[in-house]
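Okay, so the sequence shown: first residue is 629 according to the working numbering, each after it adds one. Ideal Cβ placement from N, Cα and C applies to all residues, glycine included. The structure presented is a predicted model; accordingly, all values stated were derived computationally and were not measured. Shown next, in structure tokens, is the structure this report addresses.
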Amino acid sequence: MAADLATAYRAGELAEFIRLKAGDTAAALAETRPEIDRAALAAALRAYHQDLGTLDAQTEAALTHLAHPASRVVVTGQQAGLLTGPAYSVHKGADAALLARQLHTEDVPVVAVYWIASQDHDAAEVASTTLLDHSERLHHLTLDVPGGVPVGRIPWRAEWTAQVTALLDAFDAPQEYVAAVRGRIQRAIAAGGSYADVFARLIHGLLAPAGLLVLDPLHPALARLMAPTLARELERPLESSARIEAAAAALERRGFVPQLRRPAGATNLFIEEADGQRRLLRLDGRTFTTDTRSYTKAELLAELDADPSRLTPAAGLRPTVQDALLPTAAFVVGPGEIAYGAQLKDVYPLHGLQQPLLWPRLSVTWLEPNVARLLRRLNASAAQIQADPEGVLGRSLAQERQAGAVTAERLSTLDADLHALTAEIAALDPTLEGAAGRTRTRTTARIAHLQTLATRALARQENDRSGQLTRLRAHLLPGGTPQEREMNFLTYLLKHGETPLKLLLERPAGWRGEVEIP
């Protein structure tokens, strides 16, 4: 699974699947990319930021560094989630900026770039977000985003603005902080454009002061620079799929579950068709097909020449297209992207490239003051609560009440007594040794299960009285999902001003842990 692959990579166990060892920034920077026209890249990004309305002094400074003939990039990216989406979307951008700052020198400038997945057409993954107010009410907002259409093509709608405004009006938090966040959102929306443009302006507004550039691959100037890579893919359109499948088979032999599969005939290319829908291209002989029509290679090349933004990479090709465009030194990735990366090392050489360093992203769990106090009282971490909230609270209450019946020590004593007893029985009749051992194992397991039920019952009783379990879940497991993957980062700005952003940008690159908000 993705998490297992990510753990294995951080432990240095995937050398045959991922080219560079985790954390090896020296090796990443030692590789040069002289063939990239950095001046053209900087000019295309300048045009994009100009159209987006984000061409400020900080952006100009980053573009100047990017145009340097020896520049390198730390890139990250994410789907264009509602109001920045889950917190890790912001965390990834912050980590790219932090790593770029760490690696940057005058001789080899390093620039952070946030690749916005504007080509993505999965509305269900970007249309919702969750925020938690001071009254500990979860606000879950879902917009009616049309499916099948790249989010970079979907104009932001007035009714969505009204829904966002209603959420902010109902959000219980200090009004000065709500006003500041409202201003960020209003400016992002007022400049017009697409669903992805609003996301891009919000990310830029948060992280441009740290040196981050944003990049939308659907922008005409940038799409034109990516066209040669897509044209090259059309020459051997099934080879990348074959290499991804070969890696999948190798991962399975190692006991991992591959995240990418390419069925027979599936390419790694999508085309945006006349009805606006983005559809996968398949190859049958020499004919490319979608669910609606067929194309020759010549027709696809003509489409690419006329409007290069209409031909877009699938997940198995997108990192290669990204790294053909950018002089990438490191790619800041989450666990799922590491799992993808483990299948893509051999795709890069098809385009004359080598896989860059994969940098496991920074990970933060935010602890607001009331939660931090409760965790200290429970002598527990946020990770322990996320793994077993009822168990952690129940065991703490049992300890406070000196309920020895549910302690590990009591279970250990029972197990030792049973072990001695079963050994004595086996000594009397050796044929009973197996049955005695099984009885001991079943008895210990059953008592352990009863202890678990009892501690969880304590937790629920306490929650009925004080709401502690509800509070912990709302903050750390909103909707049953770990905080970072569900809670919107703006939650913390709405309640605590700019302090959480400042704390985030004070972390070392790649940092993982809990941050207490004062």
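Alpha-carbon to alpha-carbon, residue j and residue i
i	j	result
L841	E1142	27 Å
T1127	N1007	25 Å
P865	L897	8 Å
G980	L843	23 Å
T924	I831	39 Å
E931	S1009	54 Å
S1024	I782	50 Å
A816	P997	30 Å
M629	P886	At M629 the pLDDT is 43, less than 50, meaning the model places this residue with poor confidence; the figure from the coordinates comes in the next sentence. Cα to Cα, M629 sits roughly 7 Å from P886.
R860	A808	47 Å
T1198	L972	No information on residue 1198 is available, as it lies outside the stretch 629 to 1146 that the chain covers here.
E863	I744	27 Å
L939	P977	21 Å
P947	R921	27 Å
H1047	L879	41 Å
A639	Q707	28 Å
A1033	L945	57 Å
R852	V741	18 Å
R989	Q1096	31 Å
L680	T704	19 Å
T687	W1139	25 Å
R871	L888	11 Å
L1060	R1066	10 Å
A1026	V806	40 Å
V826	D750	17 Å
For residue i, the three-state DSSP class (helix, strand or coil)
i	result
A957	strand
A942	coil
D750	coil
D935	coil
D912	strand
V738	strand
Q898	Residue 898 is actually Phe in this sequence, not Gln. Strand.
G1022	helix
V703	strand
V773	coil
A630	No answer about A630 holds up, because its pLDDT of 46 lies below 50 and its placement is not dependable.
L669	helix
S1040	helix
I646	coil
W987	strand
P783	strand
A868	Checking the sequence shown, residue 868 turns out to be Ser, not Ala. In this structure, S868 counts as helix in the three-state DSSP scheme.
K720	helix
D684	coil
V806	helix
N1007	coil
E880	helix
H693	helix
S1094	helix
Integer-rounded CB distance, given that residue j should sit under 8 Å from residue i
i	j	result
L691	L769	Not quite, the Cβ-Cβ distance comes to about 34 Å (not below 8 Å), so this is no contact.
P778	R647	At roughly 30 Å, the Cβ-Cβ gap does not stay under 8 Å, so P778 and R647 are not in contact.
A970	L633	5 Å
G780	L834	Going by Cβ atoms, the distance from G780 to L834 rounds to 20 Å, so no, they are not a contact pair.
G1019	T1109	About 18 Å separates the two Cβ atoms, so there is no contact after all.
Q747	L771	With a Cβ gap of about 19 Å, Q747 and L771 do not count as contacting.
T968	A943	Checking the sequence, you will find Tyr at residue 968 rather than Thr. Y968 to A943, Cβ: 6 Å. Contact.
Residue(s) in a DSSP beta bridge with residue i
i	result
T993	E1142
N1116	P714
R906	E900
Y923	F916
V842	Y742
T757	L769
S822	P783
Residue j beta carbon less than 8 Å from that of residue i
i	j	result
L850	Y676	yes
L1132	V949	no
R910	A894	yes
D684	A836	yes
S869	R890	yes
H1103	Q1111	yes
E1144	A958	no
A875	F645	yes
A798	H762	no
L1122	A818	no
L1021	E1090	yes
I966	Y637	yes
A985	D652	What sits at residue 985 in the sequence shown is Leu, not Ala. Going by C-beta atoms, L985 is nearer than 8 Å to D652.
Cβ of residue i within 8 Å of any chain C Cβ
i	result
G721	No chain C appears in this structure, which consists of one protein chain only.
Heavy atom of the ligand ZN within 7 Å of residue i beta-carbon
i	result
P662	In terms of ligand content, the structure shown is empty, and the ligand ZN therefore cannot be addressed.
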